[in-house]
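> Number 75 in numbering that gives the first Met the number 0 belongs to position 76 of the sequence shown; there are no gaps in the numbering.
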Amino acid sequence: MPDFRIPLPWPETTDKAQLRLLVVDDDDVDRERVRRMLLRTAPDATVVEACDPEETLALLQEQAFDCMIVDYRLGRLTGLDLMDLIREVVPQRCATIMVTGLGDEEIAGAAVRSGINDYLTKNQLDPVGLMRSVTGAMRRTALERRLHELAYYDALTGLASRTLLTDRLQQLIARRAREPGMLAALAYIDLDHFKPINDRHGHHAGDQVLGVIAQRLKGAIRASDTAARLGGDEFALLLTEVESAEDCEAVLERISRLLREPIRLDGRSDGQTVQVTASIGVVLIQDDSLEADSVLRHADHMMYEVKNAGREGVRFFDPQVERRLKAAHDELEAVAAGLRNGEFELFYQPQIDLATRAPTGLEALIRWRHPQRGLLAPDAFWNALQHKKLSATLGEWVIGSACRQIDAWLAAGLRLKVSVNVSVHHLLHPSFAARLGAILAATPSVPPGYLELEILETVAIDDFESTVAVIEACKALGVSVALDDFGTGYSSLTHLRSLPLDALKIDRSFIASMLDSPSDQAIVLGILGLCRAFNRRAIAEGVESEAHIRRLVELGCHCGQGYGIARPMPAAEVAGWIERQRACVAA
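1. Hey, residue 390 and residue 418 are a contact pair by Cβ (cut 8 Å); roughly how many whole angstroms apart?
2. Residue range of the beta strand (DSSP E) that residue 52 falls in?
3. Short of 7 Å in beta carbon distance, which residues of its chain neighbour residue 533, apart from the five on each side in sequence? Order them along the chain.
4. Short of 7 Å in beta carbon distance, which residues of its chain neighbour residue 568, apart from the five on each side in sequence? Order them along the chain.
5. So residue 212 packs on residue 236, CB below 8 Å; how close in whole Å?
6. Which full runs of the alpha helix (DSSP H) of 4+ residues lie inside the region 497-550, going along the chain?
7. Going by the beta-carbon positions, is the gap between residue 161 and residue 251 smaller than 7 Å?
8. When the distance is taken between beta carbons, is residue 259 closer than 7 Å to residue 272?
9. Quick check on the DSSP output: the beta strand (DSSP E) that includes residue 234 runs from which residue to which?
10. Going by C-alpha to C-alpha distance, which of 179, 185, 217, 402 sits closest to residue 299?
11. Assuming the contact rule is C-beta atoms closer than 8 Å, residue 29 and residue 121 should be a hit. Round their C-beta distance to whole Å, please.
12. Would you list the residues sitting across from residue 369 in a DSSP beta bridge?
13. Which of the three DSSP states is assigned to residue 170 in this structure?
14. Closest to residue 475 by CA distance: which of 493, 482, 499, 125 is it?
15. Kindly indicate which three-state DSSP category residue 558 falls into: helix, strand or coil?
16. Return the chain-ordered list of same chain residues with a C-beta closer than 7 Å to the C-beta of residue 409, the five sequence neighbours on each side being excluded.
17. I think residue 183 touches residue 238, with their Cβ atoms under 8 Å apart; what is that distance to the nearest whole Å?
18. Between residue 210 and residue 156, is the Cβ-Cβ spacing less than 7 Å?
19. I want to know whether the region 550-564 touches the region 510-525 - three or more CB-CB distances under 8 Å.
20. Can you name the residues that DSSP bridges to residue 211?
21. Determine, using beta carbons only, whether residue 555 and residue 510 come nearer to each other than 7 Å.
22. For residue 208 and chain D, any beta-carbon pair shorter than 7 Å?
23. I want to know whether the region 43-59 touches the region 137-153 - three or more CB-CB distances under 8 Å.
24. Kindly indicate which three-state DSSP category residue 355 falls into: helix, strand or coil?
25. Does DSSP classify residue 1 as helix, strand or coil?
26. Along the beta strand (DSSP E) that carries residue 69, what are the first and last residues, could you check?
27. If you compare alpha carbons, which of 96, 169, 279, 437 is closest to residue 136?
28. At what residues does the alpha helix (DSSP H) containing residue 421 begin and finish?
29. Comparing alpha-carbon positions, which option in 71, 480, 452, 563 lies nearest residue 106?
30. In three-state terms, what does DSSP make of residue 314?
31. Give me the Cα-Cα distance between residue 141 and residue 127, rounded to the nearest whole angstrom.
32. Could you compute how far the alpha carbon of residue 362 sits from the alpha carbon of residue 402?
33. At what residues does the beta strand (DSSP E) containing residue 115 begin and finish?
34. Return the CA-CA distance between residue 467 and residue 435, expressed in angstroms with no decimal places.
35. If I follow the unbroken alpha helix (DSSP H) through residue 584, where does it start and stop?
36. Are at least three pairs of beta-carbons, each pair with one atom in the region 341-360 and one in the region 314-325, less than 8 Å apart?
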């Protein structure tokens, strides 16, 4: 059966002649008594005495001891207080035994929790029992150190492990919060071209390369910095103090050149060498805004960006980009939750015959009735409307809601075409036409001709062939299609002729300035000419005044919408507006 015991640093019989022991007691008599007991069982041991915490700390900083025997009562302080002070100034403590004249269980428990290995009462002390306690405490301390090494240090290279690096990184982040203005950096390093070395020369050669790289990294940083092996051929450097991003980049470029130097393989008579390079991702740390895991994740991501860009290089994480990405992600999450919670609704903006002023249709416009921010227009959640997956979900909801509203209006005797906007991702989704058919089938009493889809001109031109196929599929269902914001894209006459459209919507930017700009008026007139030539309906967007209406009629545009006609309104207000408008027309 395999032996899983962790080897101790000495045999079962401890060489007592090499023992270095420290006795701490403010009582001269008790201190001498303990010293005599120790020397009776280990006459060649070195026993040093200290009478107060100050002297103890000085001795521990100057010399190494195997075990410290400390009294609980030390004048103003206790042995437990001394242990707290030792942890602050001594990097590696020795085995510790506490002796006291008190048989208090609470004190004993506190002693164990503070890291003391054993707790003895003075009235039960004897030389053999005391030495047995000393050797037991030393063995436990050695075991703890070995376990610490296994957990916190890499067995192959001796560098810090991921666990130790994460602990030190978190401590550093906390310090930076208390010391604003100081910069630190975490560099995530992956070796390029390492796998071929393993494959060609074997794992022994690979381990040798990792060992050399580890030594180079360790030799290139300061004592206050940390070099770690994260696993495989991945390493990390925690640089505790850097002047600036430029200074950090210069340090890492120097280290990158150092790692690139050839490595001579052991046991090769031909003196063969191998070479690796490094892809390095970096996160600068100046406060506690990021947790240690987040810093490592961002540095890892930057490292992979270097890999994808061709390997060997240094790339820094930009927190501004992260904040924008997080804000966008939070917005998407909020929109998805709002959709589930029924917070979205459709407003409708009327379209009229500009000559007769009779209503001809409505454009459905999505609104978000946000529980905290109130009613929001699409500009407030534009990213979600352009998101590949969520835009399709929102788009289906809009089309379905519009069809159900058309159904309700038809039942009430209101017959008007309703147009809805469709995003690029939604329109070009492989199942768009099939899903549209399913939505229409869910409202069988709504004739498909009462629904019109609006697509952006720029979308139609960017993926022309796919757009033509989708439009033809929609028209086969009986749904009409309009090209929105016409004039802002780059449509050619060939495109316009080939797209099976029913209408062009003239972009509001041309309508708004056509009264004062002869060039914009000429553009509007040209678009109207194209509509007549290709037998397309023309709809003017952004009609803001009576003067706009008169000029558009003079130019031959017969349909329009805009604030000069009516603002978007909830569905419940549409019937009343239509009734009033028709009354005005009749009058």
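For every residue, glycine included, the Cβ atom is placed at its ideal position computed from N, Cα and C.
So, to answer that:
1. Numbered from its first residue, the sequence shown carries residue 390 at position 391. Numbered from its first residue, the sequence shown carries residue 418 at position 419. The Cβ separation is near 17 Å, so there is no contact.
2. On the sequence shown, position 53 is the one that residue 52 refers to. Per DSSP, residue 52 belongs to no beta strand (DSSP E); it is in the alpha helix (DSSP H), 52-61.
3. Locating residue 533 in the sequence shown gives position 534, where the first residue counts as 1. Taken in chain order, the residues that qualify are 495, 496.
4. Numbered from 1 along the sequence shown, position 569 holds the residue referred to as residue 568. Cβ neighbours of residue 568 beyond the five flanking positions: 346, 347, 576.
5. What you label residue 212 is simply residue 213 of the sequence shown in a count that begins at 1. What you label residue 236 is simply residue 237 of the sequence shown in a count that begins at 1. 12 Å between Cβ atoms; not a contact.
6. You should have 507-512, 517-532.
7. For the purposes of this step, residue 161 is taken as residue 162 along the sequence shown, with counting starting at 1. For the purposes of this step, residue 251 is taken as residue 252 along the sequence shown, with counting starting at 1. No, Cβ-Cβ distance for residue 161 and residue 251 is not below 7 Å.
8. Against the sequence shown, residue 272 aligns to sequence position 273. Against the sequence shown, residue 259 aligns to sequence position 260. No, Cβ-Cβ distance for residue 272 and residue 259 is not below 7 Å.
9. Here the question's residue 234 lines up with position 235 in the sequence shown. Element bounds for residue 234: 233-241.
10. Here residue 299 refers to the residue found at position 300 of the sequence shown. Checked all of 179, 185, 217, 402; the closest Cα to residue 299 is 185.
11. Here residue 29 corresponds to residue number 30 of the sequence shown, with the count starting at 1. Here residue 121 corresponds to residue number 122 of the sequence shown, with the count starting at 1. Yes, they are in contact, since the Cβ atoms of residue 29 and residue 121 sit about 7 Å apart, within 8 Å.
12. Working through the sequence shown from its first residue, we reach residue 369 at position 370. The partner list for residue 369 (beta bridge, DSSP) reads 373.
13. The residue given as residue 170 occupies position 171 in the sequence shown. Residue 170: helix per DSSP, three-state reduction.
14. Position 476 of the sequence shown holds residue 475. With distances taken between Cα atoms, residue 475 lies closest to 499.
15. The residue you call residue 558 lines up with position 559 of the sequence shown. Residue 558: strand per DSSP, three-state reduction.
16. Against the sequence shown, residue 409 aligns to sequence position 410. Excluding sequence neighbours, residue 409 sits near 444, 445.
17. The sequence position of residue 183 within the sequence shown is 184, counting from 1. The sequence position of residue 238 within the sequence shown is 239, counting from 1. Sure, about 6 Å apart at Cβ, within 8 Å.
18. Numbered from its first residue, the sequence shown carries residue 210 at position 211. Numbered from its first residue, the sequence shown carries residue 156 at position 157. Yes, these two residues count as a Cβ contact at 7 Å.
19. yes
20. Along the sequence shown, one-based indexing puts residue 211 at 212. According to DSSP, residue 211 bridges with nothing at all.
21. Locating residue 555 in the sequence shown gives position 556, where the first residue counts as 1. Locating residue 510 in the sequence shown gives position 511, where the first residue counts as 1. No, these two residues do not count as a Cβ contact at 7 Å.
22. The structure shown contains no chain D; it holds only a single protein chain.
23. no
24. Translated into the one-based positions of the sequence shown, residue 355 becomes position 356. Note: residue 355 maps to coil in three-state DSSP.
25. What you label residue 1 is simply residue 2 of the sequence shown in a count that begins at 1. Low confidence applies to residue 1: its pLDDT is 35, below 50, so where it sits in the model is not reliable, and the reading given next is rough at best. Residue 1 falls in the coil class under three-state DSSP.
26. As a working note, residue 69 is residue 70 in the sequence shown. In the DSSP assignment, residue 69 falls within the unbroken beta strand (DSSP E) covering 66-70.
27. Numbered from its first residue, the sequence shown carries residue 136 at position 137. Minimum Cα distance to residue 136 is reached at 96.
28. Residue numbering aside, residue 421 sits at position 422 when the sequence shown is read from its first letter. First-last for residue 421: undefined, no H or E at that position.
29. Residue numbering aside, residue 106 sits at position 107 when the sequence shown is read from its first letter. The option with the nearest alpha carbon to residue 106 is 71.
30. Indexing the sequence shown from 1 puts residue 314 at position 315. Looking at residue 314 - three-state DSSP - the assignment turns out to be strand.
31. Taking the first residue of the sequence shown as position 1, residue 141 is located at position 142. Taking the first residue of the sequence shown as position 1, residue 127 is located at position 128. For residue 141 and residue 127, the distance between alpha carbons rounds to 21 Å.
32. The residue given as residue 362 occupies position 363 in the sequence shown. The residue given as residue 402 occupies position 403 in the sequence shown. So the alpha carbons of these two residues sit roughly 12 Å apart.
33. One-based indexing of the sequence shown puts residue 115 at position 116. That residue, residue 115, is in no beta strand (DSSP E); it is neither H nor E in DSSP.
34. Start at 1 with the first residue of the sequence shown, and residue 467 comes out as number 468. Start at 1 with the first residue of the sequence shown, and residue 435 comes out as number 436. Going from the Cα of residue 467 to the Cα of residue 435 covers about 16 Å.
35. Within the sequence shown, residue 584 is the residue found at index 585, counting from 1. Looking at the DSSP string, the run of the alpha helix (DSSP H) that includes residue 584 is 570-585.
36. no
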